[in-house]
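Visitor: There's a structure below that I have some questions on.
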Amino acid sequence: MSDSPPEKLARRRFLADLLFVGGSLVAAALLGRLQETDEPPASDFPSVNSYSGGLLER
Amino acid sequence: MYVTLVLTHQCNLACDYCFAGPKFARTMPYELAARAVRLAFQQDPSGVIFFGGEPLLEFPLMARVTRLATRLAARSRRQLALSLTTNATLLGPRQLHFLRHYRFHVAVSLDGVGENQDRHRPFVSGRSSSGVVWRNLERATRSLDHLHVMAVVNPDTLEGLPGLAERLYRLGLPSLSLLPNHEADWNQAARERARQVYLELARVCYASLLTSEPFSITPFAQRHPVRPLPLAPCSFGESELSVSPRGNLYPCSRLVHTDTNREARIGTLESGPDRARVAALKSCPSEGCRCLALAPGPRDRALDNQSFFRRLAEEASQSAWRWLTDVRQPA
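Protein chains in written order, with numbering that gives the first Met the number 0: chain G, 0 to 57; chain R, 0 to 330.
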């Protein structure tokens, strides 16, 4: 992880207010500030299937 | 080979929908576990997954098996993935220190927050599990680098899912999987509510992927139109198998149940996996997960629900992507 946990959690709190509380209008305002591209930025998607114990939808 | 060790049939929770069946005290002897671990190194990639019942009820055994697996991996210079699936009730400081040291991938299975957790998932005594689980989960988020949550979705806990997702996101978790209870009564009203909740969560997932703090929600992340989360197809007894406490082999942990379903067995640790038996089971006609078709009991409802949730995942993903595209259009 590139950030210290407090910075990460602060960023999460800010984004959670937009994603979960703000609804689509606020999300639109957020996304309007982002780069106009169809491709999302690279993310560190975890590979979750290897530890699901066979429970994940596949 | 990914080998799932069902360390025990025992559990300290009494989830009323548990696919592992009735609980009883039977623990895998160390000698069988050691043999199962050696099986994991017969084929790359190698992984050992601790499962149950609740595997942390047998923490000393798990620790001993982990040390053996790590020694074998070092000796043979092989990569080894270590995983644990747990209900989080026994994730104390000692367990977390151990899991962090061995770089475990930990999957926590839960139902939700507060009463949504307690409705179907109390302790065996009937006591609430929510407080313990969430205290331990918060502790785990501070200790572990590889932590994932799997939320069981029931018709009467459905509305709690957005709140659950929000809480996990605020805690810093990177991912969440939704696991519908296919045995439940998903009537028309429940399915309609599921549509609304799934769409809401698909939007959250896709919108978060445009930020520096992505939140990968299964089944939507795998259906992202541009950058889908890769998910290996089920190998069902070929590059993964499950071992019961008595040493019987199954193609998937869902089929171990009480270790009495001979139809689903593919061998023993003594004999090794029977490839012809695996092939025969793989030919079992089923549109979705073969385990649902092979599990004991009436299957029609489960298969119908599975089909519904697959369609719903597609619908919600497509609808969320259209929404995202629309809101990003310049005014």
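No residue lacks a Cβ here, since even glycine has one placed at the ideal position from N, Cα and C.
Given the structure is predicted, the values throughout are model-derived calculations rather than measurements.
Look at L163/R and V112/R and say whether their C-beta atoms are less than 8 angstroms apart.
Guide: Within the second sequence, residue 163/R is the residue found at index 164, counting from 1. Within the second sequence, residue 112/R is the residue found at index 113, counting from 1. Yes; because the gap between Cβ atoms is below 8 angstroms, this pair is in contact.
Visitor: Output, in chain order, the set of chain G residues within a Cβ distance shorter than 9 angstroms of G52/R.
Guide: Here residue 52/R is taken as the residue at index 53 of the second sequence, counted from 1. The premise fails here: G52/R is roughly 12 angstroms from chain G at the closest Cβ pair, so nothing lies under 9 angstroms.
Visitor: To be precise: take each residue of the region 10–22 of chain G, compare its Cβ to all Cβ atoms of chain R, and keep it if any distance is under 7 angstroms. Which residues remain?
Guide: R10, R11, R12, L14, A15, L18, F19
Visitor: Ordered along the chain, which non-local residues of its own chain (more than five positions away) have a Cβ less than 7 angstroms from that of N247/R?
Guide: By one-based count along the second sequence, residue 247/R stands at place 248. Closer than 7 angstroms at the Cβ level, and outside the excluded window around N247/R, lie D258, R264, T267.
Visitor: Between which two residues does the alpha helix (DSSP H) harbouring M61/R extend?
Guide: Residue numbering aside, residue 61/R sits at position 62 when the second sequence is read from its first letter. Its alpha helix (DSSP H) spans residues 58–75.
Visitor: Is there at least one Cβ from chain R nearer than 8 angstroms to P4/G's Cβ?
Guide: Your numbering for residue 4/G matches position 5 in the first sequence. Yes, because at least one Cβ of chain R sits closer than 8 angstroms to the Cβ of P4/G.
Visitor: For the candidate residues A32/R, L280/R, C17/R, H8/R, whose alpha-carbon lies nearest to that of G236/R?
Guide: Here residue 236/R refers to the residue found at position 237 when the second sequence is read from its first residue. When each option's Cα is compared against that of G236/R, the closest is L280/R.
Visitor: If we count the other Cβ atoms within 10 Å of its Cβ and call it buried at 16 or more, is A188/R buried or exposed?
Guide: Position 189 of the second sequence, counted from the first residue, corresponds to residue 188/R. So A188/R counts as exposed.
Visitor: Give a yes or no on whether the C-beta atoms belonging to A87/R and A201/R are separated by under 8 angstroms.
Guide: Residue numbering aside, residue 87/R sits at position 88 when the second sequence is read from its first letter. Residue numbering aside, residue 201/R sits at position 202 when the second sequence is read from its first letter. The answer is no: Cβ separation not under 8 angstroms.
Visitor: How long is the line joining the alpha carbons of E35/G and G91/R, rounded to whole angstroms?
Guide: Stepping through the first sequence from its first residue, residue 35/G is reached at position 36. Stepping through the second sequence from its first residue, residue 91/R is reached at position 92. In this prediction, E35/G scores a pLDDT of 44, lower than 50, which makes its location untrustworthy; no coordinate-derived value is stated.
Visitor: Does DSSP classify M122/R as helix, strand or coil?
Guide: Walking along the second sequence from the start, residue 122/R turns up at place 123. The question names Met, but residue 122/R in the sequence shown is Phe. Reduced to three states, the DSSP call for F122/R is strand.
Visitor: Is there a Cβ from chain G that is less than 8 angstroms from the Cβ of P161/R?
Guide: Walking along the second sequence from the start, residue 161/R turns up at place 162. Output row for P161/R: interface = yes.
Visitor: Using 8 angstroms as the Cβ pair cut-off and three pairs as the minimum, do the region 115–134 of chain R and the region 93–106 of chain R touch?
Guide: no
Visitor: Go to Y331/R, then tell me how far its alpha helix (DSSP H) extends in each direction, as first and last residue.
Guide: Any question about residue 331/R goes unanswered here, given that chain R covers just 0 to 330.
Visitor: Out of L209/R, D110/R, D155/R, R37/R, state which residue places its alpha-carbon closest to the alpha-carbon of A193/R.
Guide: Taking the first residue of the second sequence as position 1, residue 193/R is located at position 194. Nearest in C-alpha terms to A193/R, of all of L209/R, D110/R, D155/R, R37/R, is D155/R.
Visitor: Indicate the three-state DSSP secondary structure (helix, strand or coil) for P272/R in the structure shown.
Guide: Taking the first residue of the second sequence as position 1, residue 272/R is located at position 273. Here P272/R sits in strand by DSSP.
Visitor: What does the alpha-carbon distance come out to for the pair Q42/R and G52/R?
Guide: Here residue 42/R corresponds to residue number 43 of the second sequence, with the count starting at 1. Here residue 52/R corresponds to residue number 53 of the second sequence, with the count starting at 1. The straight-line gap from Cα to Cα measures roughly 27 angstroms.
Visitor: With a CB to CB cut of under 6 angstroms and the five nearest residues on each side skipped, what residues in its chain are close to A80/R?
Guide: Along the second sequence, read from residue 1 onward, the residue named residue 80/R stands at position 81. Contacts found: G46.
Visitor: Tell me the DSSP secondary structure of N369/R in three-state form.
Guide: The first residue shown for chain R is 0 and the last is 330, placing residue 369/R beyond what the model contains.
Visitor: Can you pull the chain G neighbours of T346/R, defined as C-beta to C-beta under 7 angstroms?
Guide: There is no way to answer for residue 346/R, as the model of chain R reaches only from 0 to 330.
Visitor: In three-state terms, what does DSSP make of P244/R?
Guide: Reading the second sequence from its first residue, position 245 is the one you call residue 244/R. Three-state result, P244/R: coil.
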